[in-house]
Structures are given as structure tokens and as C-alpha cells.
Amino acid sequence: MLEVLARAKINLTLDVKGLLPGGYHELETVMQSVDLCDRLVFTPRSRGLEIQTDSELIPSGPENLIYRAAELLQKVTGCRRGAHIFLFKNIPVAAGLGGGSADAAATLVVLNELWSLGLSRDELLMLASRVGADVPFCLMGGTVLARGKGELITPLKPLPPLGVVLVTPPLAVSTAQIYREYDRLLPGVHPDTSAMVAAIEKGDAAAVAAFLGNALEPVTTTLYPRVNAVKEALQAAGALGVVMSGSGPTVLGLCRDEEEARRVAGRLDPGLGRILCTRLCRQSIELAVRENKR
Numbered sequence: 001m002l003e004v005l006a007r008a009k010i011n012l013t014l015d016v017k018g019l020l021p022g023g024y025h026e027l028e029t030v031m032q033s034v035d036l037c038d039r040l041v042f043t044p045r046s047r048g049l050e051i052q053t054d055s056e057l058i059p060s061g062p063e064n065l066i067y068r069a070a071e072l073l074q075k076v077t078g079c080r081r082g083a084h085i086f087l088f089k090n091i092p093v094a095a096g097l098g099g100g101s102a103d104a105a106a107t108l109v110v111l112n113e114l115w116s117l118g119l120s121r122d123e124l125l126m127l128a129s130r131v132g133a134d135v136p137f138c139l140m141g142g143t144v145l146a147r148g149k150g151e152l153i154t155p156l157k158p159l160p161p162l163g164v165v166l167v168t169p170p171l172a173v174s175t176a177q178i179y180r181e182y183d184r185l186l187p188g189v190h191p192d193t194s195a196m197v198a199a200i201e202k203g204d205a206a207a208v209a210a211f212l213g214n215a216l217e218p219v220t221t222t223l224y225p226r227v228n229a230v231k232e233a234l235q236a237a238g239a240l241g242v243v244m245s246g247s248g249p250t251v252l253g254l255c256r257d258e259e260e261a262r263r264v265a266g267r268l269d270p271g272l273g274r275i276l277c278t279r280l281c282r283q284s285i286e287l288a289v290r291e292n293k294r
């Protein structure tokens, strides 16, 4: 049995550069792991895949990214072994934090070991890109610049463990709808990715906060004004910088450390949504408990 932590991601910048063949959007995004995680327990079986979870919001069949990742490993390698996987869900669902992608990345890493497949990190990254756009980053973790659909990853200098306040309003935001509206409206907002990368290389927290940006934000905030209200509340509460993560609805407030993040969170109205304090971290997947293979 293996028990692992799969960490959420945030987008410090997210830019839409255009369309790729097949209808995918070409992205340029600076992504960062945060110390907010789901917990997964893997138990090997001789045959069959079974996914269980403590969340009613998570499917257990082929529509689950965990299942897709495990099934893809079987298909590519010809492995007939199985596993029981229990997911303890903590990352907000469909919130722009990559929870499903993090769980899928952890599944690729853990089953590669439990099933003794011997796939390299590069081979796992290729499979990750077939599961979902954010899965390659969630497999790598840390601080990275991602391009293409998200599969072209350049590691960046690690940032210090800055504090983060995450506010997820109770909204059901469809990523597909946000991109459709973006294509229709073309709001013309583009973050300065190069300036963000330079700020990261210098380890300048104030500059990192200043260059936060998300090209999808004008679309999501127009469709869901409550997201903009969360942004304004975080700014008023004293966050260094504020931006929406992914396609939303989660908004992050960057702070100098966890203590400051707790102070900022304490000034917020609980009615804004789910409020979490965390910090930037350098790993996306971490072994929690290890037992002998069966």
C-alpha cells in the first residue's frame, strides 16, 4: 500500500496565445504548487480498478481522471494488474486549482512503482499530457513555465514559501464555457509572462505580486461578478497581489508568509466562499505512508 499527497496548483500568470490543431488553446502560464492537497491510498490488486472517494462530487468511473490515468498505464504497458484507490478530497472541485489533475499525476507516479513498470519521468510526462492539460505540471510540481497545451514545461527558480489565501466562491464554472466566451469576446488582456519569470528569477515577492495576471479573468468576472467581489475583498484585506486561478472561480491572494496570509484571511467575510490559507511549495506529489508491495 502507498499513501500519497497530491498538491493543488495555482496560476501566477495565464495567457491565451491562440488556437492549436484539434481545437486546443495554446497557453503560456506560470504555474506553482501550493501546500493544499488531496490524499490518495493505493492498494495493489491482481486484477481490476476500483476508485472510491469521500466526496459525493467525484465520479468513480471512467470519467474520473484517476481512472483514466490508471487505464492509460495499463493500455500503454500491457499491464494487467489492478488497484484499489481511495481518494480523500480536500482540494475544492472544479475550482481552477487542478485537483483532478493532481490526483491523476499521483496515480501515474504511484502505479508506475506499484506495478513495477519502470517508466521514466519523460515517459510519464508524455502519458500525463494525454490525460489532461494540467497533469504534466502536477507531475513535475514546483515553479514552472508551461506552454502549448500545458505539456511544454520549463522549470523555474523555486520561490520562497510565500503565504497564499485561496477563496473559492460557491459557483459552478465551466472551463469549456469560459474558453468559448474568450474566443467570442477576445478581451485582449495579456499578462506580462516575461516580467513574471524575471521576478521569479530574482526572488522578488513584491514584483511577483505586481505581475500576477490571467487572460481569462475578464470573461469569468463578467459572467460571474461574484469573482470580482472576491478579488476586491482580498485587495482590501491587504494581500500583496490578487488574481484568479485557472478559469476560476478560485481567487488567490499572495502574501509575504503564512502568518500574513492568516491575518488577511481573518479580515474576510466568511460569506465570500471557502477560505483557505496555504503556502507555495516545491513538490506536487509527496509520499505520506509506505508499506510493502503485495
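Residues in the sequence shown are numbered from 1 upward in steps of one, following the UniProt record's numbering. Backbone N, C-alpha and C define an ideal beta-carbon position, used for all residues, glycine too.
Residue from the options with nearest C-alpha to residue i
i, options, result
"N64", "T278, A94, T43 and S33", "A94"
"R180", "E260, D54 and S247", "S247"
"A128", "G118, G99, G18 and A105", "A105"
"A210", "A198, G241, G203 and G188", "G241"
"G163", "I58, A69, A239 and M31", "A239"
"E232", "Y67, V167, T175 and S120", "V167"
"P21", "P158, K149, S174 and V4", "K149"
"D183", "T220, F86 and A102", "T220"
"P160", "L27, L280, R39 and L14", "L280"
"T13", "L276, V197, V227 and N228", "V197"
"F86", "G48, V41, R80 and R68", "V41"
"V4", "P158, V230 and D38", "D38"
Residue burial classification, residue i (beta-carbon count within 10 angstroms, cutoff 16)
i, result
"S33", "buried"
"G136", "Residue identity check: residue 136 is Pro in the sequence provided, not Gly. That one is buried."
"Y24", "exposed"
"G142", "buried"
"G213", "buried"
"R294", "Model confidence at R294 stands at a pLDDT of 43, short of 50, so the residue's coordinates are unreliable; what they give is reported in the following sentence. With fewer than 16 other Cβ atoms within 10 Å, it is exposed."
"P59", "exposed"
"P62", "exposed"
"S194", "exposed"
"D15", "buried"
"A206", "exposed"
"S174", "exposed"
"L57", "exposed"
"R47", "exposed"
Straight-line gap, residue i to residue j (C-alpha atoms, nearest Å)
i, j, result
"F88", "L97", "16 Å"
"L36", "A8", "6 Å"
"L254", "P169", "17 Å"
"G273", "N11", "19 Å"
"E258", "L223", "32 Å"
"L186", "E286", "39 Å"
"L117", "T77", "7 Å"
"R262", "K75", "46 Å"
"T154", "T29", "11 Å"
"L216", "L19", "14 Å"
"S120", "G266", "44 Å"
"P225", "L2", "42 Å"
"E201", "A236", "28 Å"
"A6", "T53", "14 Å"
"L171", "I91", "15 Å"
"P44", "I178", "39 Å"
"L108", "S55", "21 Å"
"I66", "G100", "7 Å"
"D122", "G132", "16 Å"
"R147", "L72", "23 Å"
"D134", "M126", "12 Å"
"P191", "V208", "12 Å"
"T250", "H84", "31 Å"
"P218", "R80", "47 Å"
"E50", "R130", "21 Å"
"K17", "D103", "27 Å"
"Q283", "G188", "33 Å"
"V144", "K157", "8 Å"
"M31", "A199", "14 Å"
"L152", "L139", "13 Å"
request  = Write down every uninterrupted run of the alpha helix (DSSP H) in the stretch 189–220 whose length is 4 residues or greater and which is fully enclosed by it, in chain order.
outcome  = 193–202 and 205–210
ask   = What alpha helix (DSSP H) runs, 4 residues minimum, are completely inside the stretch 54–111?
value = 65–77
inquiry  = For the structure I just gave you, are there three or more beta carbon pairs, one from the stretch 103–122 and one from the stretch 263–271, closer than 8 Å?
reply    = no
query = Along the chain, which unbroken stretches of the alpha helix (DSSP H) at least 4 residues long are found entirely within the stretch 212–278?
reply = 217–223, 225–237 and 258–266
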